[in-house]
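Novice: Residues in the sequence shown are numbered consecutively from 1, following UniProt numbering. The beta carbon of each residue, even a glycine, is placed where N, CA and C say it ideally should be. The structure displayed is predicted, hence computed values, not measured ones. First, the structure itself, so that you have it in front of you.
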Amino acid sequence: MESIIIDFQQPHESNIKCWCGRYAIVWVTFTEKNPGRRFVRCADRVHGCQFWEWLDEPVSSLARSVMSEKLKKAERRNWILGSLLLFVC
1 MESIIIDFQQ PHESNIKCWC GRYAIVWVTF TEKNPGRRFV RCADRVHGCQ FWEWLDEPVS
61 SLARSVMSEK LKKAERRNWI LGSLLLFVC
């Protein structure tokens with residue numbers, strides 16, 4: 001499979017077409033079960049064909065644990081920064 005470079009902040013169109021002929025969009029999960037795992041799905045979430053598939057293999061339990069911890073720390077940091085901004089403004 002061709003590698004896809006993406007910005008984790010924004011979903012991007014892929015070279016994979018979904019069942020209704022649109023180019024599927026690349027997303028990244030930030031769930032505890034699949035942290036950082038990429039997948040594609042139909043660009044039209046409302047009226048589309050419900051197509052989706054994983055781009056990456058499942059991560060190992062060790063990698064999942066490390067990534068989950070990093071996501072939790074990032075969420076705490078973002079919450080603290082957001083709280084400070086509200087306090088300052």
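Would you identify the three-state DSSP class for A24, choosing helix, strand or coil?
Specialist: For this step, residue 24 is matched to residue 24 along the sequence shown. Strand at A24.
Novice: Once DSSP output is grouped into helix, strand and coil, what is the label at N15?
Specialist: Residue numbering aside, residue 15 sits at position 15 when the sequence shown is read from its first letter. Correct three-state label for N15: strand.
Novice: Is R41 helix, strand or coil when you go by DSSP?
Specialist: Indexing the sequence shown from 1 puts residue 41 at position 41. R41: strand per DSSP, three-state reduction.
Novice: Pull the bridge partners of E53 from the DSSP assignment, please.
Specialist: Locating residue 53 in the sequence shown gives position 53, counting from the first residue. Beta-bridge partners assigned by DSSP to E53: V40.
Novice: Going by the beta-carbon positions, is the gap between R22 and D44 smaller than 8 angstroms?
Specialist: As a first step, residue 22 must be located in the sequence shown, where it is residue number 22. As a first step, residue 44 must be located in the sequence shown, where it is residue number 44. Going by C-beta atoms, R22 is nearer than 8 angstroms to D44.
Novice: Closest by CA to A74, which one among P35, W19, G48 and C18?
Specialist: As a working note, residue 74 is residue 74 in the sequence shown. The candidate whose alpha carbon is nearest that of A74 is P35.
Novice: Would you kindly work out how many angstroms separate the C-alpha atoms of A24 and R76, rounded to a whole number?
Specialist: If you number the sequence shown from 1, residue 24 lands on position 24. If you number the sequence shown from 1, residue 76 lands on position 76. Approximately 32 angstroms, taken between the alpha carbons.
Novice: Can you check whether the CB of F30 is closer than 8 angstroms to the CB of E53?
Specialist: Taking the sequence shown and counting its residues from 1, one reaches residue 53 at position 53. Taking the sequence shown and counting its residues from 1, one reaches residue 30 at position 30. No, Cβ-Cβ distance for E53 and F30 is not below 8 angstroms.
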